[in-house]
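Protein chains in written order, with the working numbering: chain A, 534 to 966; chain B, 534 to 966. Structure record follows, encoded as structure tokens.
There are 2 protein chains.
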Amino acid sequence: MPDDPDLSMPDAPKIDVDLLSDLMDRVSTFGSTGDGGVNRPVLTDAHRDARDWFRSEVTARGYDVSVDAIGNLFARIDLAGPDAPVVMIGSHLDSQPFGGRFDGAYGVVGALTVIESWRRLIEDTAWMPRCNYVIADWMNEEGARFQPSLLGSSVYAGALELDWALDRRDRDGLSVGDELRRIGYKGTDTAPKADLYLEVHVEGDAKMETAGARIAPFLRHWGALKVRIEVTGEQNHTGPTPMEDRKDALLGAAYIIAEVKRLSETATDTLYTSVARVDVSPNSPNIVPGKAVLFTELRAPEAAMLEWSEAALRAALPGLAAKAGVTADIVSVDRRPAGRFDGRLVALAERSADAFGYPRMQLDTIGGHDAVAVNDIMPSIVIAVPSVNGVIHRNDEFTSLEDLAAGANVLLDMVRRIEMAGGALDKTVEATP
Amino acid sequence: MPDDPDLSMPDAPKIDVDLLSDLMDRVSTFGSTGDGGVNRPVLTDAHRDARDWFRSEVTARGYDVSVDAIGNLFARIDLAGPDAPVVMIGSHLDSQPFGGRFDGAYGVVGALTVIESWRRLIEDTAWMPRCNYVIADWMNEEGARFQPSLLGSSVYAGALELDWALDRRDRDGLSVGDELRRIGYKGTDTAPKADLYLEVHVEGDAKMETAGARIAPFLRHWGALKVRIEVTGEQNHTGPTPMEDRKDALLGAAYIIAEVKRLSETATDTLYTSVARVDVSPNSPNIVPGKAVLFTELRAPEAAMLEWSEAALRAALPGLAAKAGVTADIVSVDRRPAGRFDGRLVALAERSADAFGYPRMQLDTIGGHDAVAVNDIMPSIVIAVPSVNGVIHRNDEFTSLEDLAAGANVLLDMVRRIEMAGGALDKTVEATP
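Right under this line is the structure:
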């Protein structure tokens with residue numbers, strides 16, 4: 534071990550852009566829709582193929598692969614011996630139905646690029662590694678096919694029960710457990726522990742683009758209530774049934790959808806609301822709908838506003854239902870509390886961004902990210918890079934290679950600083966002034 | 534010919550109840566589901582078997598059978614020579630999938646019962662018949678397998694093109710023409726002409742039961758506009774997208790659904806409205822819906838009200854859409870015009886009902902009947918009898934033999950009165966005061 538290993542370590546090292554570009558191109562082939570997007574919902578064949586490919590990539594590079602009971606895929610590389618701190622970097626390979634190719638996949642192939650770049654970097658130096666690394670590919674971040682989202686990372690973090698998670702079902706009645714078995718990702722390995730968690734992700738909004746920023750650590754994660762409302766009316770013919778005798782579940786649903794929107798307008802602090810899915814039964818043009826299930830979301834950065842919105846919704850439902858002659862019941866509420874990411878990691882990310890001269894800003898994340906779940910059990914951060922026009926979850930989701938590389942560069946420089954502090958977050962500032 | 538044949542003709546003659554009962558029992562065996570219902574969709578083997586049976590019944594009684602190019606089955610009996618007026622009586626032998634045994638079949642076997650009862654009646658008198666009779670079994674009244682409904686009667690009436698009708702396809706891609714050939718009912722005969730059309734049918738609602746009526750002629754057939762509205766927003770994540778940037782197609786749809794209901798409340802005359810089906814895309818809990826297609830129906834007994842409602846809907850759409858930041862376009866309108874059955878036939882039916890002392894009322898029909906199509910080319914009427922609890926299109930559809938007989942008695946007495954007026958509708962009242 535040299536006396537002063539720091540001297541041989543370059544400041545602001547850069548990742549291997551060709552590797553990042555190549556990995557992005559190849560991961561985008563799985564579930565490719567041919568128009569720039571990917572259709573790779575969790576536990577489909579396309580998702581399995583992407584994971585199989587990723588697994589072969591990391592195995593070929595000497596990583597140990599493990600799969601835990603909820604189907605999270607981990608690739609661990611030991612560089613510093615069994616007792617060294619563990620840095621976990623990751624995201625997810627599942628996509629929204631007909632979503633974009635960067636969301637999630639960038640974080641996974643970015644993690645591999647960062648660690649591989651780190652390995653090459655230290656090959657050229659006398660640096661003695663002080664940390665080990667794990668890449669995480671979380672199962673079901675998106676939550677489009679199975680609810681809730683962040684399923685794998687939430688089980689990992691102990692926030693959700695394994696058996697309950699395995700029993701989540703899609704609209705065809707298939708369970709997470711059965712589908713994991715079908716695609717060969719019902720693992721039996723113990724998930725690796727880690728000391729801190731890093732993630733790069735494309736932004737889901739145009740705030741960075743508007744501000745001209747290339748790097749944005751997330752400060753807060755908004756809380757979310759995902760409320761399922763069941764509206765029950767009476768199935769009947771639209772022809773002969775007199776208007777006054779109808780109990781139209783879709784009409785009741787319409788009143789509720791309008792009210793959910795109104796809540797966001799009457800709130801005294803920031804509140805985002807939506808009803809983005811409605812399952813109508815029988816959904817036939819000439820049968821008065823007997824049932825409608827609404828998938829409602831209430832999101833806010835502050836816990837108090839979430840509480841207010843839930844109370845307001847509950848208070849409004851009976852009157853809205855009565856207006857349509859139906860009943861409306863809240864059948865489930867998934868709660869994601871509002872919170873903050875680790876302030877030391879935010880400061881470290883800003884320091885790294887500045888080292889490259891990247892314009893930066895601070896953001897909250899409103900959507901879920903696996904880092905939100907993992908943040909409960911270890912210091913976590915998400916570094917966002919811009920998405921053109923703020924588009925994600927669509928085929929025209931796009932981030933330039935330069936911006937993808939910028940995010941990975943920041944991650945690599947954070948790794949360098951963490952290594953120089955011996956994996957101790959509190960010492961990162963003094964170790965890399 | 535006797536000087537005064539009327540003297541030998543009894544008032545309010547009654548049909549042969551045993552014949553009606555026997556025919557109902559036997560027709561109910563075709564496609565029987567064993568629980569009181571029948572599953573006899575048009576052009577299935579069960580439908581063919583019912584037609585084959587009916588054909589043998591009428592042939593054995595001396596009727597001439599013909600089948601026209603759209604597969605309508607006619608049974609004609611000449612009682613009064615080639616130039617006499619023709620009275621057509623009929624309905625349909627096809628059923629809804631897993632429907633009831635009375636809907637349609639009652640009208641066909643009722644027609645045979647009435648004409649056979651009339652033949653026996655005049656055998657006992659010196660009456661010289663003045664009309665000939667045709668029983669019609671219309672092809673595809675129900676419209677469940679092939680759309681639109683009233684297909685055979687609409688081709689007969691000239692409202693639909695033969696070739697277009699033959700090319701209608703079921704969800705397996707099979708065409709009406711092919712299926713007619715397969716079951717042996719692709720006829721080549723010229724359809725018989727007639728001077729007026731009578732039909733008995735079970736009610737599709739509980740209005741008669743509620744009112745204690747046993748007989749109800751239909752006065753009007755309601756018109757219907759089936760309007761498909763496409764709402765276009767912008768697909769986006771429900772998390773990060775600021776509320777003011779959202780273009781939520783489902784929110785726009787909700788405003789429209791509420792307005793469609795409101796139209797029925799603000800209308801100055803009877804108007805039934807519904808949105809019974811909505812297809813939301815992508816219908817994912819956390820993606821702002823980019824598209825919603827609404828299947829809207831506007832139904833009214835009066836053409837002017839239908840016009841008003843369509844204009845009001847068209848006028849409201851842009852504002853409702855703008856409120857949600859989306860656009861809303863009417864992409865198709867299917868129109869079934871409103872109309873009236875022949876007033877002379879209504880009056881005649883009421884006179885006949887009174888002759889038996891049957892409690893009666895007047896009804897409109899909101900759903901379609903073959904008489905609606907045929908009414909375009911000749912005076913037509915439907916006489917309804919009650920259906921227990923207003924149930925039709927289900928296995929528990931039920932009408933007592935007494936009520937079935939009451940409807941057929943009224944038809945027989947109408948035949949008597951029409952005969953006494955020499956087939957001239959305008960003279961029925963003076964001929965049978």
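Where a beta carbon is used, it is the ideal one built from N, C-alpha and C, also for glycine. What you are looking at is a predicted structure, and each value in this text was computed from that prediction instead of being measured.
Let me know the secondary structure DSSP gives A/Ser554 once reduced to three states.
In the structure shown, A/Ser554 sits in a helix (DSSP, three-state: H, G or I).
Could you pull out every residue in the same chain whose Cβ sits closer than 6 Å to the Cβ of A/Val764, ignoring the five residues on either side in sequence?
Taken in chain order, the residues that qualify are Ala782, Gly785, Ala786, Ala825, Val859, Ala861.
Quick check on the DSSP output: the alpha helix (DSSP H) that includes B/Lys794 runs from which residue to which?
Its alpha helix (DSSP H) spans residues 782 to 799.
Taking the straight line between their C-alpha atoms, what separation do you get for A/Arg581 and A/Ile716?
Cα to Cα, A/Arg581 sits roughly 6 Å from A/Ile716.
In whole angstroms, give me the CA-to-CA distance for B/Ser708 and B/Leu699.
Computed Cα separation, rounded: 7 Å.
Could you work out which residue in A/Leu684, A/Ile668, A/Val667 is closest to A/Glu675 when comparing CA atoms only?
If we check each option's Cα against that of A/Glu675, A/Leu684 comes out closest.
Nearest CA to the CA of B/Ile951: which residue from B/His754, B/Gln680, B/Ala677, B/Pro662?
Out of B/His754, B/Gln680, B/Ala677, B/Pro662, B/Pro662 has the C-alpha closest to the C-alpha of B/Ile951.
With DSSP as the reference, label B/Met542 as helix, strand or coil.
Reduced to three states, the DSSP call for B/Met542 is coil.
At 8 Å on the CB atoms, spell out the chain A contacts of B/Arg832, in chain order.
Neighbours of B/Arg832 on chain A, chain order: Thr771, Gly772.
Got a sec? Which residues, its chain only, sit under 6 Å from B/Arg869 by beta carbon, not counting five neighbours each side?
Excluding sequence neighbours, B/Arg869 sits near Gly756, Ala757.
Would you say B/Arg634 and B/Ser561 are within 8 Å of each other, going by their C-beta atoms?
In contact: B/Arg634 and B/Ser561 (Cβ atoms closer than 8 Å).
Check whether the Cβ of B/Leu896 sits closer than 7 Å to any heavy atom of the ligand ADP, and report yes or no.
The ligand ADP is not among the ligands present in this structure, which contains no ligands whatsoever.
List, in chain order, every chain A residue whose beta-carbon is nearer than 8 Å to that of B/Thr756.
Position check: residue 756 of chain B holds Gly in this sequence, whereas Thr was assumed. Residues of chain A passing the Cβ test: none, with the nearest at roughly 12 Å.
Taking only runs of the alpha helix (DSSP H) that begin and end inside the stretch 613 to 694 of chain A, which ones reach a length of at least 4 residues, in chain order?
With a minimum length of 4 residues, the continuous alpha helix (DSSP H) runs that stay inside the stretch 613 to 694 of chain A are 638 to 656, 684 to 689.
Between which residues of its own chain and A/Asp555 is the CB-CB distance below 6 Å, once the five residues before and five after are set aside?
Taken in chain order, the list of residues that qualify is empty.
Please name the residue in B/Pro630, B/Asp802, B/Val620 whose C-alpha comes closest to that of B/Arg927.
For the residues B/Pro630, B/Asp802, B/Val620, the minimum Cα distance to B/Arg927 belongs to B/Pro630.
How should B/Gln680 be labelled, buried or exposed, when 16 other C-beta atoms within 10 angstroms of its C-beta is the threshold for buried?
Label assigned to B/Gln680: exposed.
Quick check on A/Leu784 - is its C-beta less than 8 Å from some C-beta in chain B?
Judged by the 8 Å Cβ criterion, A/Leu784 is in contact with chain B.
Using a 10 Å radius around the Cβ and a threshold of 16 neighbouring Cβ atoms, would you call A/Thr829 buried or exposed?
Flag for A/Thr829 reads buried.
Using the C-alpha atoms, what's the distance from B/Ala857 back to A/Met776?
Spanning the two alpha carbons is a distance of roughly 27 Å.
Return helix, strand or coil for B/Asp897, following the three-state DSSP convention.
If DSSP states are grouped into helix, strand and coil, B/Asp897 belongs with the strands.
Terminal residues of the continuous alpha helix (DSSP H) containing B/Ser814?
Per DSSP, B/Ser814 belongs to no alpha helix (DSSP H); it is in the beta strand (DSSP E), 805 to 814.
When you compare the CB of B/Asp875 with every CB in chain A, is at least one pair closer than 8 Å?
Output row for B/Asp875: interface = no.
Only counting runs of 3 or more residues, tell me where the beta strand (DSSP E) segments fall wholly within the stretch 874 to 954 of chain B, in order along the chain.
For the stretch 874 to 954 of chain B, whole beta strand (DSSP E) runs of length 3 or above, ordered along the chain, are 896 to 898, 913 to 918.
Look at the alpha carbon of A/Gly956 and the alpha carbon of A/Val918, and state the distance between them as a whole number of angstroms.
The alpha-carbon atoms of A/Gly956 and A/Val918 are separated by roughly 25 Å.
Between A/Arg927 and chain B, is the shortest Cβ-Cβ distance under 8 Å, so that the two count as touching?
For A/Arg927, the answer is yes, since a Cβ of chain B falls inside 8 Å of its Cβ.
Are A/Phe587 and A/Pro725 closer than 8 Å when you measure CB to CB?
No. Outside cutoff.
Using the Cα positions of A/His770 and A/Ile820, report the straight-line distance between them to the nearest angstrom.
Going by the C-alpha atoms only, they are around 5 Å apart.
Taking CB distances under 8 Å as the criterion, tell me whether B/Asn922 reaches chain A.
Not an interface residue.
Measuring CB atoms only, is the stretch 643 to 655 of chain B touching the stretch 743 to 756 of chain B, in the sense that at least three cross pairs come out at less than 8 Å?
Too few Cβ pairs lie closer than 8 Å, so no.
Thinking just about the alpha-carbon of each residue, which of B/Ala938, B/Asp903, B/Val943 is nearest to the one in B/His625?
B/His625 has its Cα closest to that of B/Asp903, out of B/Ala938, B/Asp903, B/Val943.
Does the count of Cβ pairs from the stretch 894 to 911 of chain A and the stretch 938 to 945 of chain A closer than 8 Å reach three?
These segments do not touch.
Would A/Arg810 pass as an interface residue toward chain D - the criterion being a Cβ-Cβ separation below 8 Å?
The structure shown contains no chain D; its protein chains are A and B.
Does the distance from the CB of A/Ala836 to the CB of A/Ala871 come in under 8 Å?
Yes, the Cβ-Cβ distance between A/Ala836 and A/Ala871 is below 8 Å.
Please report the Cβ distance between B/Leu731 and B/Ile914, rounded to the nearest whole angstrom; I am assuming they are in contact, meaning their Cβ atoms lie under 8 Å.
Yes, B/Leu731 and B/Ile914 are in contact; Cβ-Cβ is about 6 Å, under 8 Å.
In this structure, does DSSP put B/Ala593 in helix, strand or coil?
Note: B/Ala593 maps to helix in three-state DSSP.
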